[in-house]
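With the first letter of the sequence shown counted as 1, position 107 gets the number 111 in our numbering; the numbers rise by one all the way through. For glycine and all other residues, C-beta sits at the position ideal for the given N, C-alpha and C. A short worksheet on the structure shown next.
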Amino acid sequence: MVLVSKPFCVMEDSPFIYGKTVSLHAFTNRESEADKLKNNLLRGINTIMMSPRRWGKSSLVEKVIHDINRKNKQTKTIIIDLFSVGTEEEFLERFAREVIKASSSKWQEWMNSGKEFFKNLVPRLSIGIEPNNDFSLSFDWKELDKYTDEVLNLPEIIAQKKDVRFVICLDEFQNLASFTGYLNLEKKMRACWQRQRRVTYCLYGSKRHLLADIFNNPSKAFYRFGDMMLLPKIETKKWVTFISKSFATSGKLIDKADAEVIPRLMKNHSWYVQQLAHYTWNLTKKKAGKPEIEAALNELLQANTPFYQKEIESISHTQLNLLKAVVRGESRFTSANVMQNYHLGTPRNVSKNKAILIQNDLIDEVNGLFEFLDPAFELWFRKQFFNQLYKI
Ligand SMILES: Nc1ncnc2c1ncn2[C@@H]1O[C@H](COP(=O)(O)OP(=O)(O)O)[C@@H](O)[C@H]1O
Ligand SMILES: [Mg+2]
Numbered sequence: 005m006v007l008v009s010k011p012f013c014v015m016e017d018s019p020f021i022y023g024k025t026v027s028l029h030a031f032t033n034r035e036s037e038a039d040k041l042k043n044n045l046l047r048g049i050n051t052i053m054m055s056p057r058r059w060g061k062s063s064l065v066e067k068v069i070h071d072i073n074r075k076n077k078q079t080k081t082i083i084i085d086l087f088s089v090g091t092e093e094e095f096l097e098r099f100a101r102e103v104i105k106a107s108s109s110k111w112q113e114w115m116n117s118g119k120e121f122f123k124n125l126v127p128r129l130s131i132g133i134e135p136n137n138d139f140s141l142s143f144d145w146k147e148l149d150k151y152t153d154e155v156l157n158l159p160e161i162i163a164q165k166k167d168v169r170f171v172i173c174l175d176e177f178q179n180l181a182s183f184t185g186y187l188n189l190e191k192k193m194r195a196c197w198q199r200q201r202r203v204t205y206c207l208y209g210s211k212r213h214l215l216a217d218i219f220n221n222p223s224k225a226f227y228r229f230g231d232m233m234l235l236p237k238i239e240t241k242k243w244v245t246f247i248s249k250s251f252a253t254s255g256k257l258i259d260k261a262d263a264e265v266i267p268r269l270m271k272n273h274s275w276y277v278q279q280l281a282h283y284t285w286n287l288t289k290k291k292a293g294k295p296e297i298e299a300a301l302n303e304l305l306q307a308n309t310p311f312y313q314k315e316i317e318s319i320s321h322t323q324l325n326l327l328k329a330v331v332r333g334e335s336r337f338t339s340a341n342v343m344q345n346y347h348l349g350t351p352r353n354v355s356k357n358k359a360i361l362i363q364n365d366l367i368d369e370v371n372g373l374f375e376f377l378d379p380a381f382e383l384w385f386r387k388q389f390f391n392q393l394y395k396i
């Protein structure tokens, strides 16, 4: 998907939240996944986690890290979102900064870390107006390139000296793969990180195809680096309980049968279930029923329309036609009939387009069948191109 951001709205008193991670409020279920991830991270088992975007990876990691922070004072934790990091240099500086910052709560100690923990590198450290938060670190690029290992090994060095452990979580990890010089960096990361005894890594992201290539490819450095978790969707039953309870605690009502319509329409997709539940809640005076859910769905699709339109504009005609075939339940795209009916182009076109739509997370292949990954986009698409109305 090319979408970068989504409309986001969090009403002060709404029990439903979307558009930002939900680790404390509005967080539901995920007990077994949280247990597994926490146990892995506390026992030194590196973990790789993938799922399509907006199913709940960042929220889950935040929740688990929050739990670790509360109970395990000797474990220092770090979460870095690589979505906003653009170069290898920026990544390494950010990595070093976060490790130093997590290692102590005293800014005086941060300032001494250059001499204490590095051999060859000399970090430029400076403190801003607010010493406890505002702290920057940079290296000379040539030096950094030469002594990259010193940064990658920094958490282990500090952990040994201070008798602590580190848990380092790198969100949207596949972003690193787009940097120039990545292959080299990949080898160094793997070589350093696999030797570390006091540092555990959680590497996760939404681009499953890129991540699979990094971690499941026997010829790549990160092959079998850690335990692989494929984060599933949250089950309907859990969503229904969550929605009913959230309505009740905020002074409104919804019947179980109606609450069930929300995850069904949104195919249990975490973000959209929250968004639809929020709109429904917002339109409800006392008790929500089908009319409120229907109006909420319209509102949701309207709010997202600019993003869906942009999506359509960014793909080619034959790709659009392939989406139409998918939505109509076709799966044998190269059969003469289907190619002709939907104007899919040549068989080569079809396989290329299929690969592109899968790469871009627009569609997914499950046991030889194809489906849209974005449930609301699918509803919008059906209405837009086939005038199909949603059944509530
Ligand atoms: N455990 C959860 N319980 C309730 N809602 C969730 C949960 N996890 C995610 N969500 C919803 O999904 C949205 C996207 O979650 P996020 O953690 O950012 O996903 P990802 O990192 O996989 O893209 C959140 O803003 C929230 O609305
Ligand atoms: Mg995320």
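DSSP three-state assignment for residue i, whether helix, strand or coil
i, result
"R212", "helix"
"V370", "strand"
"D259", "coil"
"L189", "helix"
"S130", "strand"
"Y283", "helix"
"V244", "helix"
"L28", "coil"
"L158", "helix"
"C13", "The pLDDT assigned to C13 is 45, lower than 50, so where the model puts this residue is not dependable; a value taken from the coordinates is nonetheless given after this. Note: C13 maps to coil in three-state DSSP."
"Y227", "coil"
"L235", "coil"
"L207", "strand"
"F122", "coil"
"V202", "What sits at residue 202 in the sequence shown is Arg, not Val. Note: R202 maps to coil in three-state DSSP."
"W59", "coil"
"N116", "helix"
"K166", "helix"
"S108", "coil"
"S250", "helix"
Residue range of the alpha helix (DSSP H) that includes residue i
i, result
"H147", "Checking the displayed sequence, the identity of residue 147 turns out to be Glu instead of His. E147 -> alpha helix (DSSP H) spans W145 to K150."
"F20", "F20 -> no alpha helix (DSSP H), and no H or E assigned at all."
"L45", "E35 to L46"
"S182", "First-last for S182: undefined, no H or E at that position."
"L383", "P379 to F390"
"S142", "Note, S142: premise wrong, no alpha helix (DSSP H); beta strand (DSSP E) at F139 to S142."
"N136", "Taken as a continuous stretch (DSSP letters only), N136 belongs to no alpha helix (DSSP H), as it is neither H nor E."
Cα-Cα separation between residue i and residue j, rounded to whole angstroms
i, j, result
"K294", "E382", "20 Å"
"A300", "N137", "41 Å"
"K105", "L41", "24 Å"
"I297", "F251", "13 Å"
"E375", "S117", "51 Å"
"L207", "A340", "43 Å"
"A380", "E264", "16 Å"
"S274", "L125", "44 Å"
"Q344", "E334", "13 Å"
"L377", "D85", "23 Å"
"D365", "K211", "8 Å"
"K119", "G90", "28 Å"
"R459", "D149", "For the chain, the structure presents residues 5 to 396; residue 459 sits outside this window and is missing."
"V168", "E35", "27 Å"
"E94", "G185", "13 Å"
"Y276", "Y22", "8 Å"
"L373", "A216", "20 Å"
"L324", "F183", "30 Å"
"S248", "S55", "26 Å"
"V171", "F20", "30 Å"
"T204", "V26", "23 Å"
Opening and closing residue of the beta strand (DSSP E) in which residue i lies
i, result
"E375", "L373 to F376"
"M270", "No beta strand (DSSP E) contains M270, which DSSP labels as neither H nor E."
"T51", "T51 to M54"
"I172", "R169 to D175"
"L393", "Taken as a continuous stretch (DSSP letters only), L393 belongs to no beta strand (DSSP E), as it is neither H nor E."
Residue closest to residue i, alpha-carbon to alpha-carbon, out of the options
i, options, result
"N391", "R332, L64, F177 and L304", "R332"
"W285", "D149, L377, G255 and K356", "G255"
"E154", "D175, E315 and E97", "E97"
"N33", "L158, S18 and K61", "K61"
"H29", "S18, D262, S36 and E37", "S18"
"M193", "T152, D217 and G209", "T152"
"R58", "Q278, K395, L326 and E303", "Q278"
"K241", "D262, F226 and R228", "D262"
"I238", "I258, S63 and G185", "S63"
"R386", "A329, H213 and R47", "A329"
"K123", "I161, V370 and K191", "I161"
"I258", "L287, L189 and I69", "L287"
"H282", "K290, L304, L269 and I83", "L304"
"Q198", "L326, K395 and N50", "N50"
Chain B contact for residue i (CB, 7 Å cutoff)
i, result
"S355", "This model lacks chain B altogether, as it is built from one protein chain only."
Quiz item: Which runs of the beta strand (DSSP E), 3 residues or longer, sit entirely within the segment 69-93?
Solution: 79-85
Practice problem: Run through the segment 286-374 for me and flag every whole beta strand (DSSP E) of 3 or more residues, listed as ranges in chain order. | Solution: 367-370
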